[in-house]
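Chemist: What follows is a structure written as structure tokens; I'll ask about it next.
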Ligand SMILES: N[C@@H](CCC(=O)N[C@@H](CS)C(=O)NCC(=O)O)C(=O)O
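In this note's numbering, the protein residues as written are 128 to 363.
Right, dumping it as structure tokens:
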């Protein structure tokens, strides 16, 4: 099956989908859209993803948008290894953890929201920084409680789940924005356990040729790995 993931190297929502695909061992092509240059609003891309946001996944059945919906589609299409637990309650908890980040943290710190704070409300860099830190810390405080109640090696028990697919990129984002993560002991522990896994490490490195050419890419620093050889990631 040929899949093309439309994303951007700094997009945490795209990073979630790369992690999901990698954990399932699914190969895919990538197309990059430079969000800083407004490429997400290009008419050709809007025809695929009417919201003008990345990621979008082109599948033989048609384009898919919204990273959580894409992750659920991947889970249904390739059930193994399972990224949702067996029990009905556990599945709802994992979805709640993923939703907490995807619905209640990430949108507040998204590019268009930060741009609106600067452009429409004249927010200073310090104010924008305080805004970002506030919403990440707020959401992570609740998530820390959930992980201390349900977590094990990973966010839910000892099995990787959709919650980890969403948590790892959000921790990357928090680090990038310099948010103090010291209070979130369980959250940091499970994120660290997930980040070292090869499919997840590769998700932070699976950049297009153009993206790899960007000097000092934080994704590379984040992974703590120097990309010395090009990775291959072609759809099958
Ligand atoms: N809820 C969406 C969020 C997608 C999203 O906000 N993507 C960001 C990048 S992480 C984006 O495309 N931003 C472009 C913009 O703000 O103009 C999802 O989970 O897919």
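Where is the CB? At the ideal position from N, CA and C, for every residue including glycine.
Starting from residue 139 and walking both ways along the alpha helix (DSSP H), at which residues does that stretch end?
Modeler: In the chain shown, residue 139 corresponds to position 12, counting from 1. Element bounds for residue 139: 139-151.
Chemist: Residue 330 and residue 146: beta carbons closer than 7 Å?
Modeler: To locate residue 330, count along the chain shown from 1; it is residue 203. To locate residue 146, count along the chain shown from 1; it is residue 19. In contact: residue 330 and residue 146 (Cβ atoms closer than 7 Å).
Chemist: Within the same chain, show all residues whose beta-carbon is closer than 6 Å to that of residue 277, passing over the 5 residues directly before and after it, in chain order.
Modeler: Here the question's residue 277 lines up with position 150 in the chain shown. Excluding residues within five positions, the ones whose Cβ falls inside 6 Å are 220 and 283.
Chemist: By how many angstroms is the C-alpha of residue 214 removed from the C-alpha of residue 352?
Modeler: As a first step, residue 352 must be located in the chain shown, where it is residue number 225. As a first step, residue 214 must be located in the chain shown, where it is residue number 87. Confidence at residue 352 is low in this model, with a pLDDT of 31, below 50, so the placement of that residue should be treated as unreliable; the coordinate-derived value is given next. Cα-Cα distance, rounded: 37 Å.
Chemist: Please classify residue 291 as buried or exposed, where buried requires at least 16 neighbouring CB atoms within 10 angstroms.
Modeler: Residue 291 sits at position 164 when you count from the first residue of the chain shown. Residue 291 is buried by the Cβ-count criterion.
Chemist: In the DSSP assignment, the beta strand (DSSP E) including residue 157 goes from what residue to what residue?
Modeler: Your numbering for residue 157 matches position 30 in the chain shown. Segment 156-159, the beta strand (DSSP E) holding residue 157.
Chemist: Can you tell which of 128, 173 and 298 has the C-alpha that lies nearest to the C-alpha of residue 154?
Modeler: Mapped onto the chain shown, residue 154 falls at position 27. When only C-alpha atoms are compared, the closest one is 128.
Chemist: Which value, in whole angstroms, describes the spacing of the CA atoms of residue 195 and residue 135?
Modeler: Reading the chain shown from its first residue, position 68 is the one you call residue 195. Reading the chain shown from its first residue, position 8 is the one you call residue 135. Straight-line Cα distance between these residues: approximately 17 Å.
Chemist: Mind checking which residues open and close the alpha helix (DSSP H) that includes residue 284?
Modeler: The residue given as residue 284 occupies position 157 in the chain shown. Run containing residue 284: none; DSSP gives neither H nor E here.
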